[in-house]
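The block underneath contains the structure these notes are about, expressed in C-alpha cells.
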Amino acid sequence: MSDPASQMPEDELLAAECALGVLAGAERDAAEGRIARDPGFARMVIAWEERLAPWAAEIPEVPAPPQVWDRIAAALPAQKQNAGWWQSLAFWRGLSLATGALAAACIGALIYLGNAPSQAPLTAGIDGGGHRHFVATVDTRNGRIAVVPAAYSADATREPELWLIPADGKPRPLGMLRADRAVTIAIPAGLATLAVKDATLAVSLEPAGGSPTGQPTGPVIASGKLTSL
Amino acid sequence: MDLDANRNLIVAALARIPAGDRAALQTVYRLTSAKLFGVALRILEERSEAEDVLQEVYVTVWRKAADFDAARASPMTWLIAIARNRAIDRLRASKQSRHTAPIEAADDVADSAPMADRVLENAQDYARLHGCLDGLEARERTALRGAFFDGNTYEDLAARMNVPLGTMKSWIRRAMIKLKSCLQQ
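See the structure below:
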C-alpha cells in the first residue's frame, strides 16, 4: 500500500478529514483551532465541504417543529430599534382586516416591546357614530404613530385628517389619513411629549391636502383616547 | 430555474443578517431548515437533540452570516457544514453510542438515483460526486458513508468494519485522494 501522504499534502488530508468529520477529541479541537487562525487551511476545508455537500441530497428533508423557530427567535439578541414589526406592512394589513383583532395585535406589539415597559405603545380606537373608523398605535420609543382604517369609508370630496388633542384641549395637526391603507406618521418633535396616555386623537374631514388654517375646519367624525395596554 | 432562485434568495437573505434583520434569518430558516433538520436527525437520531442542534445552527448563522462569502462557497454547502459540525459536536459530547452496528462493504449498495432537491445546488453536482464514489472500492465508499451520514469517527468506523484503526485511516485517506482526483477531471 503506497503512502497516501506522497499523493496529497498532509495539510490537505487533514482538511479532508475535518470536512468529513472523522476526527475526535484533541485532534478535532486542534483542527478547528487551525481553521480559526489559518485562512489557507480554512479554504481547503471549505473546498472539501463543497466536494462532499452534494451527497446531502440523499438525506430527506424533515420539517422541523414550529417551536424550534420560536426558540431561535428568543435566543437572538434584543431587537434593534427601527426594525421589525413597525415597518411590517403585513402586520398592519393584517391588523386592518378586522378591528376585532386589535386587542390581540396590540398584545403582540406589547410582547415585542416588552423589554421597554416605560415606553410601551399606546393605542386608541377612533370611534364616531357607533363605528370604529380608525385604529391608532403610538410607538412612543420612535415617535411614530400608525393609523389603520377600520370602518371608515372615504368621503367623496374631503380627506380625513388626524389631530392630537392633549390635556389643554387644543388640536394639533398630525397628518392626513387614508381610507385604503395604513399610514405611519412621524410625530413632530414638539408634540412628542403630548402624545401620552389619555390624550385624544380625533379625525376631521378636510379639503385635499389638509386644513388650511392649522385647526380643524370640517366636522370631527371620530375620536378616541390613547390608552396603554 | 427554481434552484437558482432558491440559492439567490438564500444568498440575499444571508447578506441582510449582519445588519440585524431577523426577517432575513427567518427567510433562511424557512428555505433551509427542513434539509438541515434532516442532516442533524440523521446523525443524532434523537429528535429532541436534533432540534437543539437546529437552534444552535441558526443562532450560529445569525452570528456568523458576515463570514459567509458567496464568491467562495455555496450557501447550502456553508449551512450543511455548520449543521454537520454542530451535530457531530453534540454526538462527540454525548456518552450515548450511536451508529455502532457492524457494517460490511457488501452492505453498501450506493444505488441512490440522483434526487431532485429543493435547495441543493443541482443534480449535476450530485451525479458527478456519485459517479466518483462509484469508482471507489466498496469498503472505502462504505467507510466514507459512515463518516458523512452517521458522523462516525475513525475509531467508530474501524470498530464497525472490524479493521485496525490504522487500516481505516489509510482507507479513508486513499478514498479522499481518489475522490479529489476524480472530481477534478
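From first to last, the protein sequence lines stand for chains A and B.
Residue numbers for the first sequence follow the numbering used here, so the first one is 1 and each next one is one higher.
Residue numbers for the second sequence follow the numbering used here, so the first one is 230 and each next one is one higher.
For glycine and all other residues, C-beta sits at the position ideal for the given N, C-alpha and C.
All of these numbers come straight from a predicted model, not from anything done at the bench.
**Request:** Measuring only between beta-carbons, confirm whether methionine 8 (chain A) sits less than 8 Å from chain C.
**Result:** No chain C appears in the structure shown, which is made up of the protein chains A and B.
**Request:** State buried or exposed for alanine 16 (chain A), treating a residue as buried only when at least 16 other CB atoms are found within 10 Å of its CB.
**Result:** buried
**Prompt:** Between serine 323 (chain B) and chain A, is there a C-beta pair that is closer than 8 Å?
**Reply:** no
**Message:** Check this for me: beta carbons of proline 121 (chain A) and threonine 140 (chain A), under 8 Å apart or not?
**Reply:** yes
**Request:** Helix, strand or coil for threonine 261 (chain B), going by three-state DSSP, please let me know.
**Result:** helix
**Prompt:** Pairing CB atoms from the stretch 187-204 of chain A with CB atoms from the stretch 212-219 of chain A, are three or more of them under 8 Å?
**Reply:** yes
**Request:** With a threshold of 16 other CB atoms inside 10 Å of the CB of alanine 372 (chain B), please say whether the residue is buried or exposed.
**Result:** buried
**Asked** So, is proline 160 (chain A) buried or exposed, given that buried needs 16 or more other C-beta atoms within 10 angstroms?
**Response** buried
**Message:** Using 8 Å as the threshold, is the C-beta distance between alanine 302 (chain B) and valine 268 (chain B) below it?
**Reply:** no
**Asked** Are the C-beta atoms of alanine 78 (chain A) and some chain B residue less than 8 Å apart?
**Response** no
**Request:** Drop a sphere of 10 angstroms on the beta-carbon of asparagine 237 (chain B), count the other beta-carbons inside from all chains shown, and report buried for 16 or more, exposed for fewer.
**Result:** exposed
**Enclosing beta strand (DSSP E) for tryptophan 163 (chain A) [first to last residue]** = 159-165
**Where proline 39 (chain A) falls: helix, strand or coil (DSSP)** = helix
**Message:** Within a Cβ cutoff of 7 Å, which residues of the same chain sit near arginine 51 (chain A), ignoring the five residues on either side of it in sequence?
**Reply:** none
**Request:** Please list the residues of the stretch 236-248 of chain B that have a C-beta atom closer than 7 Å to any C-beta atom in chain A, keeping them in chain order.
**Result:** none
**Stretch-stretch touch, CB-based, cutoff 8 Å, three pairs: the stretch 266-283 of chain B with the stretch 24-35 of chain A** = no
**Asked** Comparing alpha-carbon positions, which option in A:Gly190, A:Leu174 and A:Gly128 lies nearest glycine 209 (chain A)?
**Response** A:Leu174
**Prompt:** So, is threonine 306 (chain B) buried or exposed, given that buried needs 16 or more other C-beta atoms within 10 angstroms?
**Reply:** buried
**Message:** Measuring only the C-alpha atoms, how far is leucine 76 (chain A) from valine 288 (chain B)?
**Reply:** 7 Å
**Any 3 or more C-beta pairs closer than 8 Å across the stretch 141-148 of chain A and the stretch 175-183 of chain A** = yes
**Item:** Which of helix, strand or coil DSSP assigns to serine 326 (chain B)
**Value:** coil
**Item:** Bridge-paired residues (DSSP) for leucine 122 (chain A)
**Value:** A:Val138 and A:Ser228
**Item:** Limits of the alpha helix (DSSP H) - the one that glutamate 278 (chain B) falls within
**Value:** 276-293
**Prompt:** Per DSSP, isoleucine 145 (chain A) forms a beta bridge with which residues?
**Reply:** A:Val138 and A:Ile185
**Asked** Taking arginine 321 (chain B) as the reference, which of B:Ser262, B:Trp291 and B:Tyr383 has the closest Cα?
**Response** B:Tyr383
**Partners in chain A for serine 303 (chain B), counting only beta-carbon separations shorter than 9 Å** = Glu50 and Ala53
**Message:** Could you compute how far the alpha carbon of aspartate 11 (chain A) sits from the alpha carbon of alanine 404 (chain B)?
**Reply:** 16 Å
**Message:** Would valine 240 (chain B) and alanine 299 (chain B) be called neighbours here (beta carbons separated by less than 8 Å)?
**Reply:** yes
**Asked** Is methionine 390 (chain B) closer than 8 Å to leucine 368 (chain B) when the C-beta atoms are compared?
**Response** Checking the sequence shown, residue 368 (chain B) turns out to be arginine, not leucine. A contact, by the Cβ cut-off of 8 Å.
**Prompt:** Going by DSSP, what residues sit across from serine 223 (chain A) in a beta bridge?
**Reply:** A:Asp127 and A:Ala202
**Request:** Using a Cβ cut-off of 8 Å (strictly closer), state whether aspartate 11 (chain A) contacts chain B.
**Result:** no
**Asked** Beta-carbon separation of leucine 162 (chain A) and valine 196 (chain A) under 8 Å?
**Response** no
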